[in-house]
Amino acid sequence: MAGWFWFVCFIVTSSGIFTLQESNHCGVESDTILRHLSRCACPIFIRPDTILCDGGTLNLYGPVTSFDIQWQDGTATTTYLISTAGLYSLSVTNPCGTETDDILVTYLDAPGSFSLGSDTILCSGEIYTLHAPASSSDILWQDGSEAPSYDVNGSGTFFVTASNSCGEAADTIHVDYVDTPLPFSLGPDTTLCPGETILLSSPSIFYDVQWQDGRKASPGR
């Protein structure tokens, strides 16, 4: 009595040449197959999203592999040079599938020159607000504060620095405060005889003075 043993399948776990042979008392038949097993494309990571300074460039590097590599514009090299802002992606493909990663590249300008205004003189009690440039820059005033504006209420020299990872810019302003002139008197009304004169004196050498005929005097003159 004849018997048959059937092995329905054979699990392939490595690359190689595999042969199946069947036979009976009438003869032998066989077939051969070549199987190449590919590792699935591993997850890839280019690098974190990046900020570049104006004029800067960045080299991106794909994995060193025998798999198919393709950047977002169809380039198939392992390195990719970036010189403009944008979203860049890399795909790695083999017979088992595709893995993709992307990176957002933005460009940042260094802070431009700015002005806090001209040196100024204020009256006692006035508040003068200085404004740093409106930007995403880091702000630092002369006293270490970091607010976008600064209230001046006393005489002094004030400066602010605007900075980011690409550079910095700064400006300085001097502010003086003066008191309101105090009340004064030129003396009582007076009657003079012909040929007589009287000397009228301004109350202080610290104020600008203007007489009724337009003549003026300033401190130090």
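For what it's worth, the working numbering labels the leading residue of the sequence shown as 1, then goes sequentially.
Even glycine gets a Cβ: it sits at the ideal position worked out from N, Cα and C.
- Its Cα nearest to that of His174, the residue Ser155 stands out among Thr197, Ser155 and Thr32.
- The straight-line gap separating the alpha-carbon atoms of Tyr61 and Gln142 is approximately 44 Å.
- Nearest neighbour of Ser113 by Cα position, chosen from Val160, Pro181 and Ser91, turns out to be Val160.
- By the Cβ-count criterion, Ser23 is exposed, with fewer than 16 other Cβ atoms from all chains shown falling within 10 Å of its own Cβ.
- Between Asn59 and Gly74, the alpha-carbon positions lie close to 17 Å from each other.
- Taking 8 Å as the cut-off, the Cβ atoms of Asp54 and Cys166 count as close.
- Distance between Ala162 and Leu104, taken at the CA atoms: about 25 Å.
- With respect to the 8 Å criterion, Ala110 and Asn164 are classified as neighbours on the basis of their beta carbons.
- Gln212 and Ser115 have their C-alpha atoms spaced approximately 39 Å apart.
- Closest in alpha carbon position to Trp71, among Ser83, Gly56 and Asp102, is Asp102.
- Under the three-state reduction of DSSP, Trp211 is assigned to coil, being neither helix nor strand.
- DSSP places Asn164 within a strand segment (E or B) once states are collapsed to three.
- Here the C-alpha atom of Thr84 lies approximately 32 Å from the C-alpha atom of Glu146.
- Here Ser30 carries a strand assignment [DSSP, helix/strand/coil].
- For Phe18, the enclosing beta strand (DSSP E) stretches over residues Gly16 to Asn24.
- DSSP places Ser89 in the strand class (E or B) of the three-state scheme.
- Collapsing the DSSP output to three states places Gly55 in coil.
- The DSSP-derived three-state label of Val178 is strand.
- For Ser124, the number of other beta carbons within 10 angstroms of its own is below 16, and it is reported as exposed.
- In the three-state reduction of the DSSP assignment, Asn153 falls in the coil class.
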